[in-house]
Amino acid sequence: MMLAAFANPVFDSQSNFRELLQAMARPAVPRTLPVLPPAPAPAAPAAMAIVLTLCDATTSVWLQQPEDEVVRHLRFHAGLKLADRPQDADFALITNPASMPPLDAFACGDMRYPDRSASLIIQLAAINPVAAGGAGNTFAGPGIRDTETVAIDGLPADFWQQRAALAALLPLGIDLFFVAGQQVLALPRTTRLLEG
Amino acid sequence: MDTSPHLARPHWMSLLAQADPAELVQAMGAFAPPADTAWLRPAQTGLYMLRGRVGGTGPQFNFGEVTVTRCSVQAGGHIGHAWVRGSDTRHAELAALADAMLQDADRHASLRMQVVEPLRRALDCRRDEASRKAAASKVEFFTVVRGE
């Protein structure tokens, strides 16, 4: 049967929105979402929190695994449109990153409207902070003082090459939200992955 | 009144929404919510834009906004919805709960007897009274025929 969404739709989505804004302003730093709603499998509560916070009847969402229960849940609680193809989506919910479509399958915006691009919400098993000198992904760019290192695992082998290829298109590009447990980590299109 | 089965639910939803809140509270007093009741969408109040057409056929215009409270509940394996004019959250909650319980074959008959029918009678009564009041104040205009 159906699950509930946020207990206090206005205040819960506002506090999550503030945290998502902060995550985008400080890329590659994991932050904790304050309120998680219940979510039907395979969607994770943190991913559902982002969708319910950012999406409504004016945004289209593409689901990697459009299970009936998730579709009904999102239609009822967010009233959103579901996109049939990744390139039509404003947001995409990636529930199984290992088999996700290539990044260039999603909309990058166009030169007059770079904001008409897709934001991907990618569910991971864990986002691990990395101790100094440990192995991980090191990022730099606007919003990062020097560099930030974090371990992001479970992505397709050529994911970072695909993302680097999109960097040439700036200001076009794709923004990423990674979620694991209660954590969210944002990688806007301007953040660069530094080579090993 | 159309009593075909596929219109039964819209009919009782409409009755519940138009019911007097105090009468609905009283009628639903005998029915405890099922143990598994979960509020899918807590009662929330908002505005709907009413649109109309002059004479029913003219171009559409915005007539004005109306306050509506909506609520959805899952009870006994059924989902009940309610949209109620005004900002009475208790009214919306009880109407949604009654909608969910009316879909349950075991509870349907007793709810129909103790909730839907009394509400329908009360509504008919109010309508009748209003139309009597209007009829009593009716003014007939006669044209005075002049100088033939």
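Residue numbers (the working numbering), protein chains in the order written: chain A, 1152 to 1347; chain B, 3 to 150.
Every residue, glycine too, gets a C-beta built ideally from N, C-alpha and C.
Keep in mind it's a predicted model, so treat the numbers as computed, not measured.
>> Which residue marks the beginning of the beta strand (DSSP E) containing B/S89, and which one marks its end?
In response: Your numbering for residue 89 of chain B matches position 87 in the second sequence. For B/S89, there is no enclosing beta strand (DSSP E), as DSSP marks it with neither H nor E.
> What residues are listed by DSSP as bridge partners for A/K1385?
Replying inline: No answer is possible for residue 1385 of chain A: the residues shown for chain A start at 1152 and end at 1347.
> Under a Cβ-count criterion, where at least 16 other Cβ atoms within 10 Å of its own Cβ denotes burial, should B/E142 be classed as buried or exposed?
Replying inline: As a first step, residue 142 of chain B must be located in the second sequence, where it is residue number 140. Exposed is the call here.
> Curious, which full-length alpha helix (DSSP H) runs of at least 4 residues does the segment 95 to 120 of chain B contain?
Replying inline: Runs of the alpha helix (DSSP H) lying entirely within the segment 95 to 120 of chain B and spanning at least 4 residues, in chain order: 107 to 113.
>> Taking 8 angstroms as the cut-off, does the segment 85 to 100 of chain B touch the segment 1158 to 1170 of chain A (at least 3 CB pairs, one atom from each stretch)?
In response: Below 8 angstroms, too few C-beta pairs join the segment 1158 to 1170 of chain A and the segment 85 to 100 of chain B to call them touching: fewer than three.
> B/M3 CB to nearest chain A CB: under 7 angstroms?
Replying inline: Here residue 3 of chain B corresponds to residue number 1 of the second sequence, with the count starting at 1. Any reading at B/M3 must be qualified, since the residue scores a pLDDT of 46, below 50, and its modelled position is unreliable; the value itself is stated next. At least 7 angstroms separates the CB of B/M3 from every CB of chain A.
> Which parts of the segment 121 to 145 of chain B are runs of the alpha helix (DSSP H), unbroken and 4 residues or longer, counting only runs that do not cross its ends?
Replying inline: Taking 4 residues as the shortest admissible run, the segment 121 to 145 of chain B contains no complete alpha helix (DSSP H) segment at all.
> What residues in its chain sit with their C-beta under 8 angstroms from that of B/A124, if we drop five residues either side in the sequence?
Replying inline: The residue you call residue 124 of chain B lines up with position 122 of the second sequence. Taking B/A124 as the centre and dropping the five residues before and after it, the same chain places the C-beta of A21, D22 and E25 closer than 8 angstroms to its C-beta, in chain order.
>> Could you tell me the alpha carbon to alpha carbon distance between B/M3 and A/H1228, rounded to whole angstroms?
In response: Sequence index remark: in the second sequence, residue 3 of chain B carries index 1 (1-based). Sequence index remark: in the first sequence, residue 1228 of chain A carries index 77 (1-based). Its pLDDT being 46, under 50, B/M3 is placed unreliably in this model, and the coordinates cannot settle the point.
>> DSSP three-state label for A/N1279, please.
In response: The residue given as residue 1279 of chain A occupies position 128 in the first sequence. In the three-state DSSP reduction, A/N1279 falls in the strand class (E or B).
> What's the C-alpha gap between B/K140 and B/R134?
Replying inline: Within the second sequence, the letter at position 138 stands for residue 140 of chain B. Within the second sequence, the letter at position 132 stands for residue 134 of chain B. Cα-Cα distance, rounded: 10 angstroms.
>> With a threshold of 7 angstroms between beta-carbons, can A/M1152 be considered close to chain B, or not?
In response: The residue given as residue 1152 of chain A occupies position 1 in the first sequence. At a cut-off of 7 angstroms between beta carbons, A/M1152 contacts chain B.
>> Cβ closer than 8 angstroms: which chain A residues qualify as neighbours of B/W41?
In response: Indexing the second sequence from 1 puts residue 41 of chain B at position 39. Neighbours of B/W41 on chain A, chain order: A1155.
> Of all Cβ atoms in chain A, is any one closer than 7 angstroms to the Cβ of B/Q76?
Replying inline: Your numbering for residue 76 of chain B matches position 74 in the second sequence. Output row for B/Q76: interface = yes.
>> Can you list, in chain order, the residues of its chain with a C-beta nearer than 7 angstroms to that of A/D1266? Leave out the 5 residues immediately preceding and following it.
In response: Locating residue 1266 of chain A in the first sequence gives position 115, counting from the first residue. Non-local beta-carbon contacts of A/D1266 in its own chain, meaning distances under 7 angstroms to residues more than five positions away in sequence, involve G1260 in chain order.
> Quick one: what's got a C-beta closer than 6 angstroms to A/L1184's C-beta in the same chain, skipping five residues either side?
Replying inline: Within the first sequence, residue 1184 of chain A is the residue found at index 33, counting from 1. Cβ neighbours of A/L1184 beyond the five flanking positions: N1167, E1170, A1197, A1200, Q1333 and V1335.
> Near B/R109, which residues of its chain fall below 8 angstroms by C-beta distance, leaving aside the five closest residues on each side in sequence?
Replying inline: Along the second sequence, one-based indexing puts residue 109 of chain B at 107. Cβ contact annotation for B/R109 (same chain, cutoff 8 angstroms, sequence separation greater than five): F33, G78 and M103, in chain order.
> How many angstroms separate the CA atom of B/R11 from the CA atom of A/T1300?
Replying inline: Walking along the second sequence from the start, residue 11 of chain B turns up at place 9. Walking along the first sequence from the start, residue 1300 of chain A turns up at place 149. Distance from the CA of B/R11 to the CA of A/T1300, rounded to the nearest whole angstrom, comes to 58 angstroms.
> Quick check: the segment 1313 to 1330 of chain A against the segment 1247 to 1254 of chain A, are there 3 or more CB pairs under 8 angstroms?
Replying inline: Taking a cut-off of 8 angstroms on C-beta distances, the segment 1313 to 1330 of chain A touches the segment 1247 to 1254 of chain A, as three or more cross pairs fall below it.
> Does the segment 1287 to 1307 of chain A come close enough to the segment 1229 to 1237 of chain A that 3 or more CB-CB pairs lie under 8 angstroms?
Replying inline: No, the segment 1229 to 1237 of chain A is not in contact with the segment 1287 to 1307 of chain A.
> Leaving out five residues before and five after B/L9 in sequence, what residues of the same chain have Cβ atoms less than 6 angstroms from its Cβ?
Replying inline: As a position in the second sequence, residue 9 of chain B is number 7, starting the count at 1. Excluding sequence neighbours, B/L9 sits near nothing in its chain.
>> Is the separation between the beta-carbon of B/V75 and that of B/A111 shorter than 7 angstroms?
In response: Walking along the second sequence from the start, residue 75 of chain B turns up at place 73. Walking along the second sequence from the start, residue 111 of chain B turns up at place 109. Taking 7 angstroms as the Cβ cut-off, B/V75 and B/A111 do not qualify as a contacting pair.
> Per DSSP, which one or two residues make a beta bridge with B/R74?
Replying inline: Walking along the second sequence from the start, residue 74 of chain B turns up at place 72. Inspection of the sequence shows that residue 74 of chain B is occupied by Ser rather than by Arg. DSSP, once it has assigned bridges, lists B/R43 and B/H83 as partnering B/S74.
> Among A/A1331, A/L1327 and A/E1346, which residue has its Cα nearest to the Cα of A/R1340?
Replying inline: Against the first sequence, residue 1340 of chain A aligns to sequence position 189. Selected option, being the one with the closest Cα: A/L1327.
> Which of helix, strand or coil does DSSP assign to A/E1346?
Replying inline: Taking the first sequence and counting its residues from 1, one reaches residue 1346 of chain A at position 195. Of the three classes helix, strand and coil, the one that applies to A/E1346 here is coil, per DSSP.
>> Between the alpha carbons of A/M1153 and A/R1223, how many angstroms are there, rounded?
In response: For the purposes of this step, residue 1153 of chain A is identified with residue 2 of the first sequence, where counting begins at 1. For the purposes of this step, residue 1223 of chain A is identified with residue 72 of the first sequence, where counting begins at 1. Rounded to the nearest angstrom, the gap between the Cα atoms of A/M1153 and A/R1223 is 8 angstroms.
> If B/F67 and B/L49 are in contact, beta carbons under 8 angstroms, what's the gap, nearest whole angstrom?
Replying inline: Along the second sequence, one-based indexing puts residue 67 of chain B at 65. Along the second sequence, one-based indexing puts residue 49 of chain B at 47. Reading the sequence as shown, one finds Glu at residue 67 of chain B and not Phe. Right, the Cβ-Cβ distance comes to about 4 angstroms (below 8 angstroms), so this counts as a contact.
>> Between A/S1164, A/A1155, A/N1159 and A/V1202, which has its C-alpha nearest A/V1330's C-alpha?
In response: Here residue 1330 of chain A corresponds to residue number 179 of the first sequence, with the count starting at 1. Comparing Cα positions, the closest option is A/V1202.
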